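Going by this note's numbering, 131 is the number at position 131 of the sequence shown; the sequence numbering is gapless.
The C-beta atom is built at its ideal place from N, Cα and C for all residues, glycine as well.
A quick note: this is a predicted structure, and the numbers were derived from the prediction, not measured.
A short worksheet on the structure shown next.
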Amino acid sequence: MTMSELERFASWVEDLIRQRGYDIDSPRGGGKSRLADEAGVHRAAITRLLQGQSMPDLETTRRLAHVLGVPVRDMLIRSGRLSEEDLPLPDLGGGELDAVAPPRRLTLEEAAAGLGVPREQWDMFIRVAGQFLPAGADADSARGSAGHGPAAAKGAGKG
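Structure representation (structure tokens):
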């Protein structure tokens, strides 16, 4: 890794940290300490990265990615440790099986079950999550049952 790669990565992380609301510019802003605490890493690791002195280890990188809301894959690629070829994205289409049967979307009921939502809270989960689905026939099939869409959610509070 060249110094310019480290500096580029440090600059990218620095921008992310600021975008997430951490005050790393004022001497007593507390942003580095808060970030270190939330990520469960040493403050010195944050300081060394921001000063372009050293690349964080894999565990620190993973924890920072989580706190900053960035996929670990992106952090590893941006750091120069791995390439996009080293970490390919899953192939979500184009396979032989797709020609036989297109992939089926989960229903909201299946999503609730898969996520471990308690059965008694499924209706609320379906009303809330259903609001984020696109309008149209595809969304209706993804919802599973007709009474669980944005229109149903709008009428749910009326009584």
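Could you check how far apart the C-beta atoms of residue i and residue j are, in whole angstroms? I think they sit under 8 Å.
i    : j    : result
A39  : R63  : 4 Å
I24  : L50  : 7 Å
L16  : V72  : No, L16 and V72 are not in contact; Cβ-Cβ is about 13 Å, not under 8 Å.
W122 : E109 : 7 Å
For residue i, count neighbouring C-beta atoms within 10 Å of its own C-beta (all shown protein chains included) and say buried if the count is 16 or more, exposed if not.
i    : result
A113 : exposed
A137 : In this prediction, A137 scores a pLDDT of 35, lower than 50, which makes its location untrustworthy; no coordinate-derived value is stated.
F9   : buried
R28  : exposed
G157 : Note that G157 has pLDDT 46, beneath the 50 cutoff, so the model's placement of it is unreliable and the number below is only indicative. Classification of G157: exposed, given that the 10 Å Cβ count is below 16.
D98  : Residue placement at D98 cannot be trusted, given a pLDDT of 48 that sits under 50; what the coordinates show is reported in the next sentence. That one is exposed.
G31  : buried
R127 : buried
S79  : buried
M75  : buried
M124 : exposed
G21  : exposed
With DSSP collapsed to three states, give me the class of residue i.
i    : result
G31  : helix
R176 : Residue 176 cannot be examined here, being either before or after the span of the chain that is shown, 1 to 159.
E85  : coil
I24  : coil
T107 : coil
S11  : helix
L50  : helix
G80  : coil
L6   : helix
M160 : This structure cannot settle anything about residue 160, because the visible part of the chain is limited to 1 through 159.
V117 : coil
L64  : helix
V128 : helix
Following a CB-centred definition, is residue i positioned closer than 6 Å to any heavy atom of the ligand SAM?
i   : result
P56 : Of the ligands one can find in the structure shown there are none, so the ligand SAM has no counterpart to examine.
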